[in-house]
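Using my numbering, read the sequence shown as starting at 3 and increasing by one per residue. No residue lacks a Cβ here, since even glycine has one placed at the ideal position from N, Cα and C.
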Amino acid sequence: MFEDPAKQPQATYRVQLHRNFDLTQAAALADYFAALGISHVYASPVLQAAPGSMHGYDVLDHRRVNIELGGEEAFNRFCQALVAEELKLLLDIVPNHMSIAGHGNAWWWDVLENGPASRFAHYFDVDWSPPEAKLKDRVLIPILGDHYGRVVEAGEIVLVRQGGRFTFHYHEQVLPVAPRSLDGLLQDAAARAESDDLAFIADAYGHLPLATETDWASVQRRHRDKLVLRAQLERLCQEHRHIAAAVDEVVRETNGSPDEIDVLLERQNYRLAFWRTARDELDYRRFFDVNFLVGLRTEDERVFHETHARVLEWARQGFVAGLRVDHPDGLNDPEEYFHRLRHGAPESWIVAEKILMTGERLPETWPVQGTTGYDFASRLSAVLVDPEGEQPLTDFYGEFTGEPTDFEYLIRKKKLLVLDTMFGADQSRLAELFAQVCERHRRYRDYTRRELRHVLRETIACTRVYRSYVRGRDVPISEVDQQRIEEAIEKGKQHRPDLDGDLFDFLRDILLLRVRGPIEHEFVMQFQQQTGPVMAKGVEDTTFYNFNRLVALNEVGGDPGRWSLTPEQFHEECCYAQGHQPFSLLATTTHDTKRSEDVRARLLVLAEIPARWAAAVREWSTMNESFRHDYMPDRNTEYFLYQTLVGAWPISQERLTEYMIKAMREAKAHTSWTDPQAPFEEALARFIETIVGHPPFLAGLQAFVAQILDAGRINSLAQTLLKITTPGVPDFYQGSELWDLSLVDPDNRRPVDYSLRRRLLEEMRNLSVEQTMERADEGLSKLWLTVRALDARRRRPDLLGGKATYRMLEPAGAKSRHVLSYLRGDRAAVVVPRFPLSLDGHWNDTTLELPAGRWINEITGDSCDGGPQAVSQLLRRFPVALFIQTA
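Here's what the structure looks like:
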């Protein structure tokens, strides 16, 4: 694919679509994206999502375009606008889950109405025979604000009739009524109205096939008959007022009796419950811990086609050139999925939102072009952070906060925490399968479920990647997967010597398919689907908010325990990318990043000045000590706050407070989403309000930021040029062509001022490079670099495209550790500085040798002949350089 360099993707620009920034508004920006040098607009999901969705990942209907984005007509106009500017579309799709919020998901509604006999029961990953017998053939719906009995007795669940349809209403929630359960209510009404017709309908409802009759003939008959009966009932009520009145009278009496409401609810195919029961009893697979996002059984070919028909139609028609696949690790068999997708879209550019841990590679058997770029963002921070700052910052972090500095220790601890507090139901279902396997093998049948759960819990906590990819069906297990499974088992044994090692070994043999069978296979696939959510919530969304040594490294796909990469290691990774995934996305900011690229770039500077940073923090902490109440916020939170202020300054008190409350709930140390602690959160909010209004602290903060501001911007420019010129396809998150000091969502979804960006882009055409540097505060230097470098990439894909060769250039001289440089296609040279603050512009005798020939700097227009070059001259007019050989 992409053998012709002219047809290769050159750059993507991510837009977050929602009701306040819809397809029509995005279409109006097509000319601006083209002027930047973008080849593909990279859009968030466009299929019908839950009302008010700000991201589109909560899909309700895969067959139509989201009406809040403008619907079908707006999508067609959007595609036409892209074509007019010679742009293509990279579309985000969501194969793992659907939203079940509200009542807009027709498939899920049918499941709730008809239970296992629903035509769509097999579409969703529901366990119809869970460990809890009370949930057999029923779905737990944990939406109640209090215990079920209290809610029923308070009259908060109300039965409503509309025509021939009956529904339950709980505040804004609406739920269907199982057709068979209407027989008694309608019989009562028939007796009151003395209506044989209504009595006939009541009897017919009562004789519908049971929800447990799942053979296709019964399913079809049930569906047909219920629709006929509903229509007959509606017509009867419309034509005979006294019958409608009798039905409504019975409905009113039912609503007035908690006992009768309870009896009717007990006949439903779902069990309403207090929202807190989800942790331990939920009987369907979710997206992570989000109860209203239910897992899809996309491994079923029919489900795949139903959920992908529209997207694949767009791909065949040429409207969609590329697909970004959200969270493939949640799927039962990601490789099988990607082969199906590739078959349906053979010419599409496909990238997977796969988070790779340190040393992990994307499976080469996946027919995709690469990842969405978290791994690249991690490599960038690691190569631009000063390794000399690691030990002093580690020491100071431990000293100031009193927190452990062992990252591996924290990972295990926090994964165990989320297993206990978020994934109890998932663990119960997995342990039940494990018990069924053990029951089939006499040596293991006497292990208790408690022992099984502990072994599973420890093994998952010790799994250091998101998941393995064991497939079964006679597909050999890769050496990498075998090694990772064995490592997790051995670490589990070490951490829990009190548990029987034989049981760990048996688990290992099951996971490695040495023990086979239908239940064993199902267990292996479910085990692999569970390790990812635990990693995501335990590491990304918990450990990353607790281990605050240098939060610039705490990024999705990052490894804060690794600290840094040498230039040689960075070049090695780039060579691998060029040889294996030349069209993988290269991201620096995404909708999921914890901090924008510019926040991280500024915070990386702290590693260059650990002593100065430690002194500032001590001074600020002493100054603000009287503003803490009852030791709140704690030192770890305070340290996190100071880094946030330095990285994102200037930031409003409102934005800062909202972010800090969210971050601390994610940390789960003193407050959480499920158990918010008002005293802590109020103390934190007061602390923030006080210190940002305290002139001495504010003066010190602003003075410190001023010292590192320029160095942070140089880091950002280095990131930008590396992203555009290393092997892969550079991705720009909306608005990040200028300085953007956003934090995690929803902060990074604030409106983007495109009129400002258009104006600056137009003004820039008449400026010199020096003038753009003089207006750096406006972001013009970053915009200048982006446009110039992308233009060079567009003109010379043979040198800067994904497949162009990659070779490191080795600097020489006293400051060589401050240089990162390489050749693309042997005729494009990239030079960026590292650790700019400690460099202070003094390159001394540092040189770089360019191959023979004439070279033009695409950023400044300067030229030079090949041979040894003083780095100070190469970077004389602009902080980074891109040279292309002209002769």
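Compute the beta-carbon to beta-carbon distance between residue i and residue j, rounded to the nearest angstrom, for a pair I have assumed lies under 8 Å.
i           : j           : result
residue 826 : residue 806 : 5 Å
residue 164 : residue 145 : At roughly 21 Å, the Cβ-Cβ gap does not stay under 8 Å, so residue 164 and residue 145 are not in contact.
residue 420 : residue 544 : 6 Å
residue 367 : residue 98  : Wrong, their Cβ atoms sit about 20 Å apart, outside the cutoff.
residue 446 : residue 402 : At roughly 49 Å, the Cβ-Cβ gap does not stay under 8 Å, so residue 446 and residue 402 are not in contact.
residue 551 : residue 407 : 7 Å
residue 824 : residue 573 : 6 Å
What are the boundary residues of the beta strand (DSSP E) that includes residue i?
i           : result
residue 172 : 167-172
residue 639 : Not the beta strand (DSSP E): residue 639 falls in the alpha helix (DSSP H), residues 637-650.
residue 624 : Element bounds for residue 624: not the beta strand (DSSP E) but the alpha helix (DSSP H), 612-626.
residue 868 : 865-872
residue 914 : A question about residue 914 goes unanswered here, because the residues of the chain that appear run from 3 up to 889.
residue 859 : 849-859
residue 42  : 42-45
residue 823 : 821-826
residue 64  : 61-67
residue 90  : 90-95
Mind checking whether the beta-carbon of residue i lies closer than 7 Å to any heavy atom of the ligand ADP?
i          : result
residue 27 : Ligands in the displayed structure: none, and consequently the ligand ADP is not present.
Classify residue i as buried or exposed, calling it buried when 16 or more other Cβ atoms lie within 10 Å of its own Cβ.
i           : result
residue 329 : buried
residue 147 : exposed
residue 586 : buried
residue 628 : exposed
residue 136 : exposed
residue 736 : buried
residue 181 : buried
residue 22  : exposed
residue 532 : buried
residue 804 : buried
residue 779 : exposed
residue 30  : exposed
residue 816 : exposed
residue 157 : exposed
residue 258 : exposed
residue 904 : Past the edges of the chain, shown from 3 to 889, lies residue 904, and the structure says nothing about it.
Let me check understanding here. Comparing Cα to Cα, which of the options lies closest to residue i?
i           : options               : result
residue 834 : 843, 844, 828 and 821 : 821
residue 42  : 845, 804, 733 and 873 : 733
residue 487 : 448, 529 and 500      : 529
residue 75  : 59, 103 and 26        : 26
residue 610 : 36, 390, 339 and 120  : 390
residue 6   : 799, 339, 202 and 283 : 799
residue 202 : 173, 238 and 60       : 238
residue 361 : 695, 380, 142 and 355 : 380
residue 225 : 450, 554, 249 and 115 : 115
residue 538 : 561, 400 and 480      : 561
residue 422 : 460, 410 and 440      : 460
residue 213 : 351, 452, 492 and 270 : 270
residue 207 : 288, 179 and 635      : 179
residue 106 : 54, 154 and 638       : 54
residue 38  : 15, 217 and 57        : 15
For chain C, find out if any of its Cβ atoms is closer than 8 Å to the Cβ of residue i; answer yes or no.
i           : result
residue 225 : Structure shown: chain C not included; a single protein chain is present.
Quick check on the DSSP output: the alpha helix (DSSP H) that includes residue i runs from which residue to which?
i           : result
residue 275 : No alpha helix (DSSP H) contains residue 275, which is instead part of the beta strand (DSSP E) from 272-276.
residue 353 : Residue 353 -> not in any alpha helix (DSSP H); beta strand (DSSP E) instead, spanning 351-354.
residue 12  : Segment: none, residue 12 is in no alpha helix (DSSP H) and carries neither H nor E.
residue 681 : 680-694
residue 257 : 243-257
residue 562 : Here residue 562 belongs to no alpha helix (DSSP H), and DSSP marks it neither H nor E.
residue 413 : 409-423
residue 437 : 426-441
residue 600 : 599-605
Touching or not, the region 644-654 and the region 718-727, by the rule of three or more beta carbon pairs under 8 Å?
Verdict: no, contact absent.
Specify whether the region 660-674 and the region 745-754 touch according to this definition: at least 3 beta carbon pairs, one from each stretch, less than 8 Å apart.
Judged by pairs of C-beta atoms under 8 Å, the region 660-674 touches the region 745-754, as three or more such pairs exist.
Touching by the beta-carbon criterion (3+ pairs, under 8 Å), the region 380-387 and the region 598-608:
Yes, the region 380-387 is in contact with the region 598-608.
With three or more beta-carbon pairs closer than 8 Å as the criterion, would you say the region 314-327 touches the region 88-96?
Flag = yes, the region 314-327 and the region 88-96 touch.
Spell out a yes or no on whether the region 808-824 and the region 773-785 are touching, meaning 3 or more CB-CB pairs, one atom from each, closer than 8 Å.
Three or more beta-carbon pairs separated by less than 8 Å are not found between the region 808-824 and the region 773-785, which leaves the two stretches without contact.
Inter-stretch contact at 8 Å, needing at least 3 Cβ pairs: the region 842-850 / the region 859-872:
Put simply, the region 842-850 touches the region 859-872. At least three CB pairs are less than 8 Å apart.
Can we say the region 331-351 touches the region 303-314, given the rule of at least three CB pairs closer than 8 Å?
Taking 8 Å as the limit for Cβ pairs, the verdict is that the region 303-314 does touch the region 331-351.
Does the structure place the region 120-130 close enough to the region 281-296 that three or more beta carbon pairs sit under 8 Å?
Result yes; three or more Cβ-Cβ pairs closer than 8 Å.
Taking 8 Å as the threshold, find out whether the region 446-457 comes into contact with the region 689-704 through three or more Cβ pairs.
Cβ pair count under 8 Å is below three, so no.
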